[in-house]
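Asks: With our numbering applied, the sequence shown corresponds to residues -9 to 151, in that order. The beta-carbon is built from N, C-alpha and C at its ideal position, and this holds for glycine as well. Please read all numbers here as calculations on a predicted model, not as lab measurements.
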Amino acid sequence: MAWKFLIDSDVLAYPLDLQRLIRINGWNAVSYQKSGISPHKPSEVIFADGRIILLFDEQIERKQLRFHIAHEIGHIVLGHYCFDSPAIYEKEATMFARRILMPMTLIHNLQLCTAGQIADVCDVPLCEAEQRLNRYLNILTTRGKFDSHTLELELKRRLGL
Ligand SMILES: [Zn+2]
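1. Is DSSP giving phenylalanine 86 helix, strand or coil here?
2. What does DSSP give as the partner residues of phenylalanine 124 in its beta bridges?
3. Starting from leucine 44, follow the beta strand (DSSP E) in both directions and report where the run begins and ends.
4. Buried or exposed: which applies to isoleucine 66, given that a residue is buried once 16 or more other Cβ atoms fall within 10 Å of its Cβ?
5. Should alanine 19 be counted as a contact of ligand 1 given a C-beta to heavy atom distance under 7 Å?
6. Excluding the 5 residues preceding and the 5 following alanine 105 in the sequence, name in chain order all residues of the same chain whose CB lies nearer than 7 Å to its CB.
7. What is the chain-ordered set of residues for which the beta carbon lies under 5 Å from any non-hydrogen atom of ligand 1?
8. From what residue to what residue does the beta strand (DSSP E) around methionine 36 run?
9. Ordered along the chain, which non-local residues of its own chain (more than five positions away) have a Cβ less than 7 Å from that of alanine 60?
10. Going by the CB atoms, is the gap between leucine 151 and asparagine 99 shorter than 8 Å?
11. Taking the Cβ atom as the reference point for each residue, do proline 32 and histidine 70 lie within a distance shorter than 8 Å?
12. Give the DSSP-derived three-state secondary structure of asparagine 18 in the structure shown.
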């Protein structure tokens, strides 16, 4: 799902341009501050009258906010259209955010071997980069295979890796 989304959205470079993704998909993003709603969580997505509105707290640290917005994009793309998001949806949206912000093919082919490098190249919080690095190392030591899926290969080609 993450690979398909990145390919369909014509992503060609990193760090991922979230504003562009929101724009080309016809979603709306506005801060709580600008919309006059008091910020009660870092971000959320509202589905109303066929419109998709992504709300976010503009006071959150930039990299953290990028991760929150990618998480909300996950809810949209995965079709989590409900107000009371069950725990499994939250987990899926977070996994989606990690996958689109830090694709394995990017980590693998650029040989990003520290969380700091991943955080820099992908413009994400260090703690999320650490999670992704652990996942990468886990795959490396168990399956040991990357770029074997057609979609992952296509993404690799588009990113010029
Ligand atoms: Zn969520």
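Replies: Walking through what the data contain:
1. helix
2. Per the sequence shown, residue 124 should be read as asparagine rather than phenylalanine. The partner list for asparagine 124 (beta bridge, DSSP) is empty, contrary to what the question assumes.
3. 41 to 46
4. buried
5. no
6. Leu116, Ala119, Glu120, Leu123
7. Glu80, Ala83
8. Strictly speaking, residue 36 in this sequence is isoleucine, with methionine absent from that position. 33 to 38 is the span of the beta strand (DSSP E), which, as asked, contains isoleucine 36.
9. Leu8, Ala87, Ile90, Leu91
10. yes
11. no
12. strand
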